[in-house]
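Participant: Read left to right, the sequence shown gives residues 29 to 473 (this note's numbering). Glycine included, every Cβ here is placed at the ideal spot set by N, Cα and C. One structure coming up, written as structure tokens, with questions to follow.
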Amino acid sequence: QDAFLMEDIDVIVATIAFGMGIDKPDVRFVIHYDIPKSIENYYQETGRAGRDGLPATCIAYYAYKDILKLEKFLRDKPVAEREMSAQLMQEIMAYAETTGCRRKFLLHYFGEHFDEEQCNGMCDNCRHPKEKIEVTKEMQMALEAVRELDENYKIKTVVDFLMGKETKEMKDYRFTERPLFGAGKDKDENFWSSVLRHALLNDLLYKDIESYGLLKFTEAGRKYIDKPWPIKIPLNINYDEVSLEDDEPVGRTAVLDQALLNILKDLRKREAARHGVPPYVIFQEPSLEEMATLYPVTIDDMANITGVSRGKAMRYGRPFLKAIAQYVEENDIERPTDFVVKQVANKSKVKVNIIQAVDRKIPLPDIAADNDLTMDELLEEMYAIVNSGTKLNIDYYIEEVMDEYTAEDIYEYFREAESDSLDEAWAELKDDDITAEEIQLIRIK
29 QDAFLMEDID
39 VIVATIAFGM
49 GIDKPDVRFV
59 IHYDIPKSIE
69 NYYQETGRAG
79 RDGLPATCIA
89 YYAYKDILKL
99 EKFLRDKPVA
109 EREMSAQLMQ
119 EIMAYAETTG
129 CRRKFLLHYF
139 GEHFDEEQCN
149 GMCDNCRHPK
159 EKIEVTKEMQ
169 MALEAVRELD
179 ENYKIKTVVD
189 FLMGKETKEM
199 KDYRFTERPL
209 FGAGKDKDEN
219 FWSSVLRHAL
229 LNDLLYKDIE
239 SYGLLKFTEA
249 GRKYIDKPWP
259 IKIPLNINYD
269 EVSLEDDEPV
279 GRTAVLDQAL
289 LNILKDLRKR
299 EAARHGVPPY
309 VIFQEPSLEE
319 MATLYPVTID
329 DMANITGVSR
339 GKAMRYGRPF
349 LKAIAQYVEE
359 NDIERPTDFV
369 VKQVANKSKV
379 KVNIIQAVDR
389 KIPLPDIAAD
399 NDLTMDELLE
409 EMYAIVNSGT
419 KLNIDYYIEE
429 VMDEYTAEDI
439 YEYFREAESD
449 SLDEAWAELK
459 DDDITAEEIQ
469 LIRIK
């Protein structure tokens with residue numbers, strides 16, 4: 029993990045038995061070699077990608093045998109746990125096999141509504157849409173089957189009922205004698221599973237989680253049986269028969285100097301090693317990309333880059349400014365003329381907001397969030413404010429997050445130190461279980 033954070037290696041691999049606590053904003057790929065046990069797990073794990081706001085790619089490999097393998101692990105579990113886990117696996121299988129918008133599917137699962145037109149090709153299904161078919165009559169029939177089974181069964185049982193499968197369950201409960209038994213036998217299991225899953229996605233049905241996923245009607249679903257409206261769905265496909273196809277990721281439209289960006293990335297890695305911090309602490313990827321677009325050559329220019337405070341520019345920026353200036357001169361590049369005035373007003377406004385918020389004793393994480401800053405960026409802004417001669421009284425926050433002995437140890441260090449260098453303080457105090465953030469807080473005070 030340390031090597032991955034420091035970018036000495038490009039890939040890290042974990043099993044489901046290992047909780048990968050990766051706090052790294054610029055993860056570009058998350059790849060699942062097989063499907064997770066639940067949508068919650070999948071959502072959490074893919075959430076590690078692209079936290080810096082730049083495009084990232086999530087790839088999941090899937091075959092039905094993944095589900096069979098997970099089911100084997102459940103055989104010795106208690107009945108209630110087994111049934112609940114089976115329900116979760118059914119959901120992740122539906123996600124893996126859907127040919128609809130994956131973003132819509134995920135947000136629907138967590139209780140949110142999303143217009144798939146806004147996906148803009150970010151998921152594979154919207155990028156390569158499948159042909160849709162009209163299923164109004166079939167949707168009616170599926171809902172009538174749910175009603176005929178008294179809203180008391182899961183998708184699989186409803187599908188078996190529609191297809192006329194004479195299973196033990198069908199015979200034991202005399203479902204074979206009901207009017208709709210076998211009414212959909214001209215379609216296959218894949219078709220009816222798709223129809224019922226889209227009934228869920230279109231809010232005609234919902235799954236009662238407390239009863240392990242029994243299908244229940246929404247108000248819209250009851251109305252649909254008597255007054256249907258047109259519904260088109262993309263048919264789910266048999267993933268055991270799918271062959272891999274070339275799939276190009278969504279391209280970025282940002283105009284930047286790729287050669288300069290590569291130089292800045294290499295420089296960031298060297299500077300990170302020199303300071304003993306992960307590369308993203310120096311500058312995050314969006315900041316490097318903006319530098320490779322706008323060519324800042326002064327501290328003021330650098331402080332106007334997105335995600336770069338004046339404190340961070342002063343602390344880490346000079347080697348980057350030197351590299352950019354050299355690159356601009358060697359390649360005879362004309363810099364953007366409007367760069368000098370970019371965001372100056374916003375920077376001043378942020379400083380005023382910070383000073384006023386500290387006066388009101390607002391917790392620092394809240395101040396950071398209100399000003400769209402990370403905690404590290406906020407502390408650097410505060411340090412720059414103090415350096416300019418403005419007093420910030422943050423005792424209220426220090427007393428909340430730090431014990432008096434730790435604070436006194438850091439005070440003692442700065443009283444005797446020849447400089448207020450954060451790197452020197454960190455090198456001296458890190459073995460005493462003191463964090464860099466605690467050192468920054470006392471330095472500001």
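Suppose you measure from the CA of W454 to the CA of R471; what does that come to, to the nearest Å?
Facilitator: Along the sequence shown, one-based indexing puts residue 454 at 426. Along the sequence shown, one-based indexing puts residue 471 at 443. Distance between the alpha carbons of W454 and R471: 12 Å.
Participant: Whole angstroms is fine: what's the gap from N290's alpha carbon to R346's?
Facilitator: Counted from its first residue, the sequence shown places residue 290 at position 262. Counted from its first residue, the sequence shown places residue 346 at position 318. Approximately 17 Å, taken between the alpha carbons.
Participant: Contact check, K160 vs P262 under 8 Å by CB: the rounded distance?
Facilitator: Taking the first residue of the sequence shown as position 1, residue 160 is located at position 132. Taking the first residue of the sequence shown as position 1, residue 262 is located at position 234. Rounded, the Cβ-Cβ distance is 5 Å, consistent with contact.
Participant: Do E162 and K260 have their C-beta atoms closer together than 7 Å?
Facilitator: For this step, residue 162 is matched to residue 134 along the sequence shown. For this step, residue 260 is matched to residue 232 along the sequence shown. Cβ atoms of E162 and K260: closer than 7 Å.
Participant: If you scan the segment 443-473 from start to end, which runs of the alpha helix (DSSP H) of 4 or more residues do you find wholly inside it?
Facilitator: Listed in chain order, they are 450-457 and 464-472.
Participant: Between the Cα of P324 and the Cα atoms of K419, V356, A301 and V429, which residue gives the shortest distance?
Facilitator: Locating residue 324 in the sequence shown gives position 296, counting from the first residue. Closest option to P324, Cα to Cα, is V356.
Participant: May I have the straight-line CA-CA distance separating M112 from A42, to the nearest angstrom?
Facilitator: Residue 112 sits at position 84 when you count from the first residue of the sequence shown. Residue 42 sits at position 14 when you count from the first residue of the sequence shown. The alpha-carbon atoms of M112 and A42 are separated by roughly 25 Å.
Participant: Label L409 either buried or exposed according to how many other C-beta atoms from any shown protein chain fall within 10 Å of its C-beta, with 16 as the threshold for buried.
Facilitator: Here residue 409 is taken as the residue at index 381 of the sequence shown, counted from 1. According to the sequence shown, residue 409 is Glu rather than Leu. Buried.
Participant: Bridge partners of V58, per DSSP?
Facilitator: To locate residue 58, count along the sequence shown from 1; it is residue 30. DSSP lists C86 as partners of V58.
Participant: Verify whether the separation of the beta carbon atoms of A88 and H60 is less than 7 Å.
Facilitator: What you label residue 88 is simply residue 60 of the sequence shown in a count that begins at 1. What you label residue 60 is simply residue 32 of the sequence shown in a count that begins at 1. Result yes, Cβ atoms of A88 and H60 sit closer than 7 Å.
Participant: Distance, Cα to Cα, E358 vs M319?
Facilitator: Taking the sequence shown and counting its residues from 1, the one referred to as residue 358 is at position 330. Taking the sequence shown and counting its residues from 1, the one referred to as residue 319 is at position 291. Cα-Cα distance, rounded: 17 Å.
Participant: Would you identify the three-state DSSP class for K235, choosing helix, strand or coil?
Facilitator: Your numbering for residue 235 matches position 207 in the sequence shown. Of the three classes helix, strand and coil, the one that applies to K235 here is strand, per DSSP.
Participant: Taking all protein chains shown into account, do 16 or more other C-beta atoms lie within 10 angstroms of the C-beta of N148, making it buried, or fewer, making it exposed?
Facilitator: Locating residue 148 in the sequence shown gives position 120, where the first residue counts as 1. Label assigned to N148: exposed.
Participant: Could you compute how far the alpha carbon of G212 sits from the alpha carbon of R175?
Facilitator: By 1-based counting over the sequence shown, the position of residue 212 is 184. By 1-based counting over the sequence shown, the position of residue 175 is 147. Those two C-alpha atoms are separated by around 15 Å.
Participant: Take the Cβ of R103 as the centre, count every other Cβ of all protein chains shown within 10 Å, and call the residue buried at 16 or more, exposed below.
Facilitator: The residue you call residue 103 lines up with position 75 of the sequence shown. Under this definition R103 is an exposed residue.
Participant: Applying the 10 Å Cβ sphere with the 16-neighbour rule, what's the burial state of P391?
Facilitator: By one-based count along the sequence shown, residue 391 stands at place 363. Exposed, by the Cβ-count rule.
Participant: With I67 and Y137 assumed to form a contact (beta carbons below 8 Å), what rounded beta-carbon distance in angstroms separates them?
Facilitator: Along the sequence shown, one-based indexing puts residue 67 at 39. Along the sequence shown, one-based indexing puts residue 137 at 109. I67 to Y137, Cβ: 5 Å. Contact.
Participant: List in chain order: all unbroken alpha helix (DSSP H) runs of 4+ residues lying wholly within the segment 152-220.
Facilitator: Here the runs fully enclosed are 152-155, 164-176, 183-191 and 196-200.
Participant: Do you know offhand how far M430's Cα is from R388's?
Facilitator: For the purposes of this step, residue 430 is taken as residue 402 along the sequence shown, with counting starting at 1. For the purposes of this step, residue 388 is taken as residue 360 along the sequence shown, with counting starting at 1. If you take the alpha carbons of M430 and R388, they lie about 20 Å apart.
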